[in-house]
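For the working numbering, add 207 to where a residue sits in the sequence shown, where the first one is 1.
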Amino acid sequence: NNSYVDIVKEQLPEVPEHNIVGEPVAKNTAPCVAIAAQMLYKKDPEAVMVVLPADHHITEPEAFKKYLKAAVEKAKQGENLLTIGINPDRPETGYGYIHGDNTVSEELNKKEIHPVKAFKEKPDLETAKAFLASGDYFWNSGMFIWSAKTVLAEFEKHLPDMFGHVSATKDSLFNQGHDEAINEFYHACESVSIDYGIMEHATNVYVVPGEFGWNDVGSWTAAYDLGDKDANQNVVNAETATFSEAKKNYIYTESGKMVSVVGVDGVAVVETDDAILVCKLDKAQNVKDIVNQLKEKEEFKKFL
């Protein structure tokens with residue numbers, strides 16, 4: 208998002224300004240991958256790119272680097288698309304899954320790599336339990352590794368309109384008209400995810416299963432997992448909270464109000480200026496159903 212560009216410049220002053228691309232409009236993940244690949248390809252036709260979401264929490268960065276190095280090595284070997292899969296430890300319904308072919312395996316940098324059979328959307332609980340029991344499924348982390356030229360070829364094959372738009376920018380990139388070309392590209396593109404637009408259709412996809420203390424911080428469950436816990440495994444982000452026969456709860460308030468929780472376990476209580484949410488932590492992904500309800504009624508839209 209364009210509003211974050213100045214923050215990134217401040218935090219990463221060593222990165223050239225032209226290498227920091229702010230999105231003028233939200234168009235999901237495929238356009239940002241396309242323009243980044245085009246920029247890298249112009250600088251180095253043999254470049255390998257690593258696509259990482261910014262909202263992940265990784266507690267073992269050195270271990271993480273080893274998985275990335277294995278994926279980069281595989282990406283350099285040919286027209287391969289790599290993704291990092293997270294070994295699941297519970298039947299999670301809030302993540303998409305990667306179905307790996309565990310009957311086929313190779314090892315690079317002491318890390319296993321498997322072909323991908325399919326990408327699966329977020330499952331219901333019973334399906335998630337079956338995925339976990341099989342041992343063949345991994346959480347889709349949204350991390351991808353490939354050469355710039357390989358992924359551009361996939362855009363040409365599966366998203367030809369977007370490929371045409373991004374190809375039109377190459378003469379202007381890093382020259383006069385750089386920002387204008389990126390702006391025009393974004394406004395011309397359709398909104399589509401890299402998963403749906405490319406990964407679900409490609410045939411040369413591999414998964415590197417990883418364990419490196421990964422957590423997606425985009426849910427209340429993740430906020431609980433990452434929080435400091437008291438003796439009863441409650442997490443409190445509030446001035447005052449009291450508990451009686453209550454364990455494994457998450458409390459967040461933006462006011463000075465006291466929150467008391469009695470006789471319930473595994474609940475999130477979240478208070479903001481104009482709304483209060485109470486939900487089971489293992490149902491936190493269903494908050495999207497409430498968001499959809501708010502969108503449907505004009506009088507509720509002010510809470511979005």
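Cβ atoms here follow ideal geometry from the backbone N, Cα and C, with glycine treated the same way.
Quick one: Cα of residue i to Cα of residue j, how far?
i    : j    : result
G349 : E387 : 29 Å
L247 : E506 : 47 Å
E363 : V258 : 19 Å
D437 : V468 : 14 Å
T428 : L339 : 18 Å
G371 : N208 : 23 Å
D402 : G463 : 42 Å
L219 : K504 : 42 Å
G307 : N316 : 19 Å
H321 : V311 : 6 Å
V279 : E333 : 35 Å
N456 : E217 : 36 Å
E230 : V222 : 17 Å
T376 : A237 : 16 Å
Under a three-way DSSP split, which group does residue i fall into?
i    : result
T236 : helix
L501 : helix
F392 : helix
F450 : strand
P367 : helix
M465 : coil
N493 : helix
N441 : coil
K281 : helix
F362 : helix
T290 : strand
G425 : coil
L380 : coil
G303 : coil
S354 : strand
G342 : coil
K455 : coil
S400 : coil
H408 : coil
D386 : helix
E269 : helix
Mind checking residue i: buried by the 16 CB within 10 Å criterion, or exposed?
i    : result
A355 : buried
M369 : buried
L488 : buried
D423 : buried
P367 : exposed
G425 : exposed
Q500 : exposed
N347 : buried
P330 : buried
T447 : exposed
Y211 : exposed
P268 : exposed
G470 : exposed
N439 : exposed
A335 : buried
I352 : buried
P252 : exposed
A453 : buried
P260 : exposed
E299 : buried
F510 : exposed
V232 : exposed
Give the C-beta separation of residue i and residue j to the nearest angstrom, bearing in mind that I take them to be a contact with Cβ-Cβ under 8 Å.
i    : j    : result
Y413 : K281 : 6 Å
V474 : V466 : Going by Cβ atoms, the distance from V474 to V466 rounds to 11 Å, so no, they are not a contact pair.
V358 : N235 : Contact doesn't hold; Cβ gap of about 16 Å is too wide.
F381 : K249 : 7 Å
E180 : L275 : Residue 180 is absent from the structure shown; the chain starts at 208 and stops at 511.
E163 : T460 : Since the first residue shown for the chain is 208 and the last is 511, residue 163 is missing from the structure and cannot be characterised.
Which residue or residues does DSSP assign as beta-bridge partners of residue i?
i    : result
P330 : Answer by DSSP bridge pairing: none, since P330 is not bridged.
S210 : Partner(s): none; S210 has no beta bridge.
A325 : H306
P416 : G292
I320 : E313
E478 : T460, I483
H263 : D423
M256 : W353
K436 : V442
N347 : G292
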